[in-house]
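Residue numbers (my numbering): -18 to 951.
Even glycine gets a Cβ: it sits at the ideal position worked out from N, Cα and C.
Keep in mind that this is a model prediction, so the values were computed, not measured.
Report on one structure; see the data block that follows.
Below, the structure is given as structure tokens:
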């Protein structure tokens, strides 16, 4: 169903402009209303956040609206980038995250997680909750984006905890629209401090000046009215291309940075090196730390030091390559006022590559080597096997051996999404309308991981004996693997390109997600039946409906992926909903009560979850509800308040994902010859007396954490409160101001315990619960690899709480024959961002902090302001945007000085538009006008979408970006 109808006419446009400006500094409706829309200012519309149709766009909950003009000023081709500039959003999965990316784009409202914001297209769910991807939204067709703060589960169902993001698309054209844009990044690498670190390490410096990261975006749409305007068909298509950018091209990301004491950074890296690193688990050197091949090529082992560390940064992407195609269409035909048929189809094909450093025989996997391996020198055999050197006995060891730089790991990520809906709606008379519809969406995800070492092949290539003086794989001799090629890991840079090709086995995984929705709704004006307050100027409004939603997941893995720890999964979630919403205007247009309206809503949801492969099944029921109040004591001043009880049902993945182990950014305080944690503290984590002082540190600050689903999960529950004031004073025409307080608390939130918190709570406080989440490798004591990790399966944990104040203001004034000036600002002050990981085990507040358990920076204040000069007749404009991020400090009481604080960040963007003819409009701009570099942060501090020694979703990673675009309509 579609919850918006177009309105046209000077009085209607004025009402829209005032209402939207009153709720957001970015609610600029500069595009003309679509042709064929009604000119009646009393035409009923539906506001995002309610299903009741009424004659105004004013919301009882805080609502920010981003218009099409703002998209042009930003030169945005990614919808997530557009929203991430708003202070209400925290960046999530995006094009600047490579390692671990699944290729999707997500949005995160209020920092509560991308899974706690409901994303809609024209009032309906975008895709299944398990496969939401903002790449699916064709940016060039966005008319506006409505962002509603606070729970809205009573209106839309599960997931609307932090709020709702509704993309309103142009879907009713009568003519042709073409749009094209190109952009490129330009950056001057002039960070003397980091360049000095890179030079001191002998690594390659980033070029002084770079032009890269080009993007092209081309879109077209054509529509036609027919049958006297009763019908319309609109089709569209688009193409977007993004060039990849290596971390080697930027100072801040050209080497892997580690803390060097408390006051400095150093170019560090991974102990999985091209020289070869060993940690024997048996023999005379067991538990004695890392040994490394001498870099001079001689087959001798030396104690490993950081001088041998491998710089894994340069070949990683700081911007992924991407190629996206979109297409679709809409159709509608009004048979009679009581029956209007409608339907739509949307399609997207997205192909992106992530790239990270070359693969390796990674430390964490135990390999078995025969003591008579002919590729070992006598000294190495003795160090590994002791008195058994030269015999057929075997020895176990961890090996970290990196392949050459020409073998970077590449993750081939492919998404195809299909979405269509159809229905009938119409006017039942007496002010009532109905809408009956069907929605189906299919999301196909295919991943192929390339250039990755197959550990089974690696073990075969290490199990080598001499046959007539020729090193030969035992598996070749017995016929189990005739293609086996021996590898020489006992010499620096000893693995050749041909040997590396033998080691590689591509792995494949695939996901299939579906969403199916049957819905029916009824809305109308009860005033036509005389149900109206005697003091009000309109009747009560009613909306009611039923909905059946079914989501499915099938995730498959091949044998290579399974051997690497991936597991297949499947599941079905079915939910039956019934809801009702009632709005009652109580008083209107009397002294001190220009408006007094109350609104209430309730929804019942019955869930059935099942996994047919295991016969697991669970059911639960949930009630959600809301209450809202709007009071305007005088014309031009309006108070609003709302309370919402919202839920988020666990996703299929959270319920049924198979168990596995993955990498997490972490340091083991019990590792090294001189651990930072005491023996007593480390024993609480599972360290033995013999292991203390001999445990291997996690390579490249990457320890391991287990993950997996939990069928016993229950829905998260949230209580949200908002109170606000909207002022549009008659004494100051064209001024609008809104101030809104929000308070959102999510109880029993679904997640895993942050590994940094586990380490801190156990080693600092000795908390037995957290200490029980350590599973150390029984042989090495390490917490990386398949046998050592932090437990991280999903569970209903404690609570999340965020509160703060949104402020927005807009004002415009004429400057005579020079045109007018538009000024606007939207900002958010965070009062608190608190997390209780488990009930009764303490809380921490991330307001003003970043890193470790707090993840991306959470500034106390953020704003974006825009100042625009429009020439007479709006023929041209020049617009300056100011983005402000308050300073943040590192969380966790860290003693680091060099990264103790990220300072205030200011970005300035300049854009211009020009109407050349009635059909042709041009735009151009420069984002990050001053080419400000992002903050440089040690990799061990980064967590939650950190990449390339910074947070690229928060701070501009590319430098200065220039764009040019053109729109043609006829």
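Closest residue to residue i among the options (Cα-Cα distance)
i	options	result
residue 621	898, 704, 385, 224	704
residue 838	768, 845, 926, 786	926
residue 894	852, 864, 868, 908	852
residue 855	30, 31, 50	50
residue 223	785, 196, 248	196
residue 812	823, 721, 158	721
residue 735	712, 644, 709	644
residue 711	618, 751, 738	618
residue 680	271, 355, 868	271
residue 506	422, 493, 409, 527	409
residue 44	140, 65, 145	145
residue 609	207, 360, 625, 635	625
residue 81	392, 178, 161	392
residue 347	389, 437, 283	437
residue 140	499, 605, 418, 345	605
residue 234	945, 951, 946, 937	937
Residue i to residue j span [Cα, whole Å]
i	j	result
residue 954	residue 394	Since the first residue shown for the chain is -18 and the last is 951, residue 954 is missing from the structure and cannot be characterised.
residue 15	residue 406	Interpretation of residue 15 is limited by its pLDDT of 29, a score under 50 that renders its predicted location unreliable; the figure taken from the coordinates is listed afterwards. Computed Cα separation, rounded: 20 Å.
residue 192	residue 743	48 Å
residue 280	residue 382	14 Å
residue 754	residue 330	41 Å
residue 464	residue 276	30 Å
residue 555	residue 137	16 Å
residue 386	residue 941	29 Å
residue 368	residue 358	14 Å
residue 147	residue 761	52 Å
residue 310	residue 817	46 Å
residue 883	residue 150	38 Å
residue 89	residue 462	49 Å
residue 443	residue 454	7 Å
residue 815	residue 217	44 Å
residue 60	residue 201	17 Å
residue 887	residue 239	26 Å
residue 845	residue 785	17 Å
residue 514	residue 709	26 Å
residue 799	residue 860	15 Å
residue 878	residue 243	5 Å
residue 510	residue 523	12 Å
8 Å Cβ shell around residue i - same chain, five flanking residues per side excluded
i	result
residue 435	484, 485, 486, 541, 544
residue 952	Coverage of the chain is limited to positions -18 through 951, which leaves residue 952 absent and any answer about it impossible.
residue 614	573, 574, 575, 620
residue 759	768
Chain-order list of residues whose beta-carbon lies under 7 Å from that of residue i (same chain, five-residue window excluded)
i	result
residue 376	261, 263, 264, 350, 352, 365, 366
residue 333	84, 301, 302, 303, 394
residue 660	673
residue 792	715, 716, 804
residue 292	184, 236, 237, 248, 250
residue 371	352, 353, 362
residue 180	186
residue 943	164, 165, 167, 907
residue 949	159, 900, 901
For residue i, the residue or residues it bridges with in DSSP
i	result
residue 541	DSSP, once it has assigned bridges, lists no residue as partnering residue 541.
residue 532	496, 554
residue 304	222, 332
residue 74	For residue 74, which the question treats as bridged, DSSP gives no partner whatsoever.
residue 168	191
residue 867	According to DSSP, which records beta bridges pairwise, residue 867 is partnered with nothing at all.
Sequence-distant residues of the same chain with beta carbon closer than 6 Å to residue i, five excluded per side
i	result
residue -6	Here residue -6 scores only 29 on pLDDT, less than 50, and its place in the model should not be relied on; the value that follows carries that caveat. For residue -6, where only same-chain residues beyond five positions count, there are no Cβ hits under 6 Å.
residue 640	689
residue 42	30, 129, 131, 623, 703
Exercise for the section: Could you tell me whether the stretch 680 to 693 touches the stretch 769 to 781, where touching means 3 or more Cβ pairs closer than 8 Å? Expected result: yes
Practice task
Determine contact between the stretch 595 to 603 and the stretch 103 to 111, defined as no fewer than three beta-carbon pairs at a distance below 8 Å.
Solution key: With a cut-off of 8 Å, the stretch 103 to 111 and the stretch 595 to 603 do not count as touching, because too few Cβ pairs lie within range.
Problem - Meets three-Cβ-pair contact criterion under 8 Å: the stretch 158 to 177 and the stretch 904 to 914 - result: yes
Problem - Contact between the stretch 531 to 540 and the stretch 458 to 472 (3+ Cβ pairs under 8 Å) - result: no
Practice task
Would you be able to state if there are at least three C-beta pairs under 8 Å between the stretch 620 to 638 and the stretch 67 to 74?
Solution key: no
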